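Heads up: the sequence shown begins at 1 in UniProt numbering, then just goes up one per residue.
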Amino acid sequence: MRFRLKELFKSNIAVYLVFVIFTLICYGNILPNKLFYDDEELIYKNAYIADLHYLPKYFTQNMVAGAGKTSNMYRPVLLISLAFDHFIWGLNPVGYHLTSIALHLGNGIMIFLLINMLFGSRILAIVSALFFLIHPVQTEAVTYASGRTDLLYSFFGLICINLFLIYCSNVKKWAPFYLLSVLFFLLSLLSKETAVVLPLAIILCFYVLSQKNKIKILPSQISLSVSWYFLIDIIYIVLRLTVLNFANTLNFYKEANSYSQNIATRFFTFTGVFFEYLKVLLFPKDLIFARNIDIITTAINLSVIIFVILAVITVFYFSITGKKNPVVFFYFFWFFIFLLPSSGIIPINSIIAEHYLYLPSIGFFLFISYLFNFFLRKYNSTYLKFFLVIILLTIISVFSIRTIIRNYDWKDPITFYNKSLTQSPNNIPMRHNLAMAYSEKGEFETAIKEYQYIIAASDVYPNTHHNLGNIYKEQKKYKDAEEEYLKALQIDRNFIFSYYALADLYKLTGETEKLNNVLEILKKYQ
1 MRFRLKELFK
11 SNIAVYLVFV
21 IFTLICYGNI
31 LPNKLFYDDE
41 ELIYKNAYIA
51 DLHYLPKYFT
61 QNMVAGAGKT
71 SNMYRPVLLI
81 SLAFDHFIWG
91 LNPVGYHLTS
101 IALHLGNGIM
111 IFLLINMLFG
121 SRILAIVSAL
131 FFLIHPVQTE
141 AVTYASGRTD
151 LLYSFFGLIC
161 INLFLIYCSN
171 VKKWAPFYLL
181 SVLFFLLSLL
191 SKETAVVLPL
201 AIILCFYVLS
211 QKNKIKILPS
221 QISLSVSWYF
231 LIDIIYIVLR
241 LTVLNFANTL
251 NFYKEANSYS
261 QNIATRFFTF
271 TGVFFEYLKV
281 LLFPKDLIFA
291 RNIDIITTAI
301 NLSVIIFVIL
311 AVITVFYFSI
321 TGKKNPVVFF
331 YFFWFFIFLL
341 PSSGIIPINS
351 IIAEHYLYLP
361 SIGFFLFISY
371 LFNFFLRKYN
381 STYLKFFLVI
391 ILLTIISVFS
401 IRTIIRNYDW
411 KDPITFYNKS
421 LTQSPNNIPM
431 RHNLAMAYSE
441 KGEFETAIKE
451 YQYIIAASDV
461 YPNTHHNLGN
471 IYKEQKKYKD
481 AEEEYLKALQ
491 IDRNFIFSYY
501 ALADLYKLTG
511 ETEKLNNVLE
521 ILKKYQ
């Protein structure tokens with residue numbers, strides 16, 4: 001069967017218009033939102049995106065090298081997209097949010113095309129894509145400017161899969177489709193490391209398409225078709241473990257712990273994460289940026305037991321009906337393929353995050369669409385069909401409203417951090433960010449209270465005392481400032497920022513002897 005792209009697009013203009021309208025309704029209110037949190041390092045303080053002469057460094061250095069930081073993230077395409085925005089918009093947040101909205105809309109369209117191509121069902125494709133576009137869980141990837149990395153890798157990855165399927169469905173097997181697919185896979189991989197699993201998704205789609213068209217495929221055909229994708233994966237992984245290993249690529253933890261050192265613990269914990277993800281997909285009432293999850297160290301746990309039982313039932317189900325129902329097969333495996341990188345196989349530092357669901361959630365939305373379509377076709381009653389449509393529209397409306405409301409939580413740093421701390425009050429880094437936001441706004445007394453709260457809760461962070469010292473210095477409370485800088489150095493003798501701060505302070509107060517002592521210490525760090 002041959003796909004005529006022009007006809008496909010022309011016949012779906014109304015669908016795309018609906019997608020545009022819903023996307024703008026749900027995300028139009030993020031345009032005035034400020035940039036903050038990781039946006040500081042990626043955008044405001046990143047010299048590399050401000051000057052295109054640094055373009056070669058995007059491909060040889062870590063993601064935040066332009067801000068003078070070190071990270072194990074390597075995402076040159078993300079930096080290119082941010083540099084593009086910086087070139088057009090400077091540091092105006094509106095431009096960055098517009099790009100995120102456009103990418104999210106593009107992903108919705110790509111999902112529509114993919115599902116329509118695989119299953120030949122416009123209802124499945126439209127409902128799945130619409131849920132993807134409006135579901136509140138996506139806000140962490142869309143509303144948060146630094147979350148663009150998920151948008152980018154998904155956008156290029158979905159184009160990659162669509163082009164591959166067009167190539168497979170084309171009688172003449174026109175090579176440019178395949179070559180373009182490989183190129184977009186590379187762009188996806190250079191947007192985010194998670195794209196390493198894309199070849200598995202391509203195999204899944206290839207299998208489903210062959211089932212739909214009733215084509216018998218041999219293992220050799222599959223391996224030949226996806227060989228270039230896996231070759232790129234291998235080259236990428238080798239490079240990330242050698243010349244592009246900026247920190248510890250396979251372990252995000254500075255110190256060993258029970259989670260990072262034990263793969264069984266990571267699997268057990270993932271079962272709890274899985275059910276938390278299901279909860280937020282089904283009932284996205286509580287959207288939490290710094291979501292906490294208990295570390296599970298034993299198999300004797302309700303989450304582990306239920307997960308294993310469900311896994312056994314699923315395997316049994318697919319052994320009987322897998323080939324008969326490719327939709328079920330697809331949405332199940334799609335969900336887990338794209339969750340694989342964050343499942344704990346590699347001990348990443350964020351065990352659970354809503355943005356991890358950005359691409360996997362397609363499987364869940366297809367499941368919801370499948371149920372809706374199943375009942376719509378099963379019953380002939382006009383009243384029942386009308387009732388089902390009303391339920392669907394109600395869910396879409398509720399989710400859209402929840403998305404709009406959640407976007408206001410991201411309005412500015414103080415609003416966001418206060419909201420996050422009502423949900424995770426013991427999150428020290430988040431409280432530290434709130435204190436810094438108050439300080440930058442000139443609300444010093446409020447900032448001091450937040451820093452004092454941190455010190456009372458956990459006095460192990462040198463930067464807490466250092467930042468408190470900066471406030472006292474600004475208030476001309478020089479003795480208090482000195483005490484805080486010295487306390488920072490008691491916690492970490494090598495916290496060089498406090499030495500520099502003391503040097504500036506002693507210059508200001510004219511304490512020459514103390515200044516000379518600090519300058520002597522600083523010579524050791526030069």
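For each residue, glycine too, the CB sits at the ideal point set by N, CA and C.
The structure presented is a predicted model; accordingly, all values stated were derived computationally and were not measured.
query: Assuming contact is defined by CB atoms lying nearer than 9 Å, are phenylalanine 22 and serine 400 in contact in what I supplied?; result: yes
query: What are the boundary residues of the alpha helix (DSSP H) that includes phenylalanine 372?; result: 361–378
query: Quick check on the burial criterion: 16 or more other C-beta atoms within 10 angstroms. Buried or exposed for lysine 473?; result: buried
query: Does the beta-carbon of glycine 66 have 16 or more other beta-carbons within 10 angstroms, so that it is buried, or is it exposed?; result: buried
query: Less than 9 Å between the C-beta atoms of glycine 408 and asparagine 29, yes or no?; result: In the sequence as displayed, the identity of residue 408 is tyrosine instead of glycine. Cβ distance < 9 Å, so tyrosine 408 and asparagine 29 count as in contact.
query: Rounding to the nearest angstrom, what Cα-Cα distance links glutamate 147 and methionine 73 in this structure?; result: The question names glutamate, yet the displayed sequence has glycine at residue 147. Each residue's alpha carbon lies about 13 Å from the other.
query: On the three-state DSSP scale, how would you describe arginine 4?; result: In this prediction, arginine 4 has a pLDDT of 49, which is less than 50 and means its spatial position is unreliable; nothing more can be read from the coordinates.
query: Buried or exposed: where does leucine 224 fall if 16 or more other Cβ atoms within 10 Å of its Cβ makes it buried?; result: exposed
query: Can you grab the Cα-Cα spacing for the pair leucine 282 / leucine 310, in whole Å?; result: 18 Å
query: Can you tell which of Ile123, Leu183, Ile454, Ile115 has the C-alpha that lies nearest to the C-alpha of leucine 421?; result: Ile454
query: Work out the CA separation of leucine 244 and serine 71 for me, nearest whole Å.; result: 11 Å
query: If you compare alpha carbons, which of Tyr144, Phe119, Thr143 is closest to leucine 165?; result: Phe119
query: Starting from the C-beta of glycine 108, find all residues in its chain whose C-beta is less than 6 Å away, skip the five residues before and the five after it, and write them out in chain order.; result: Phe19, Ala129, Phe132, Leu133
query: How many angstroms separate the CA atom of asparagine 516 from the CA atom of lysine 476?; result: 22 Å
query: Suppose the cutoff is 6 Å on Cβ atoms and the five residues either side in sequence are ignored; what does the same chain contact list for histidine 135 look like?; result: Phe399
query: Skipping 5 residues on each side, what residues in its chain have a beta carbon closer than 8 Å to that of threonine 149?; result: Arg75, Leu78, Ser191, Lys192
query: Report yes or no: is there a C-beta of chain C within less than 9 Å of the C-beta of leucine 392?; result: This model lacks chain C altogether; it includes just one protein chain.
query: Does the count of Cβ pairs from the segment 459–468 and the segment 486–498 closer than 8 Å reach three?; result: yes
query: Note down, in chain order, each residue of its chain lying with its Cβ closer than 7 Å to the Cβ of tyrosine 58, except the 5 sequence neighbours on either side.; result: Tyr48, Pro76, Leu79, Ile80
query: Could you pull out every unbroken alpha helix (DSSP H) segment of at least 4 residues lying fully inside the segment 31–114, listed in chain order?; result: 47–50, 55–58, 76–89
query: If you measure between the beta carbons of leucine 204 and phenylalanine 185, is that distance less than 9 Å?; result: no
query: Alpha carbon to alpha carbon, how far is glutamine 211 from arginine 377? Give it in angstroms, no decimals.; result: 22 Å
query: Residue range of the alpha helix (DSSP H) that asparagine 201 falls in?; result: The residue you asked about is not asparagine; residue 201 is alanine in the sequence shown. Alanine 201 -> alpha helix (DSSP H) spans 198–212.
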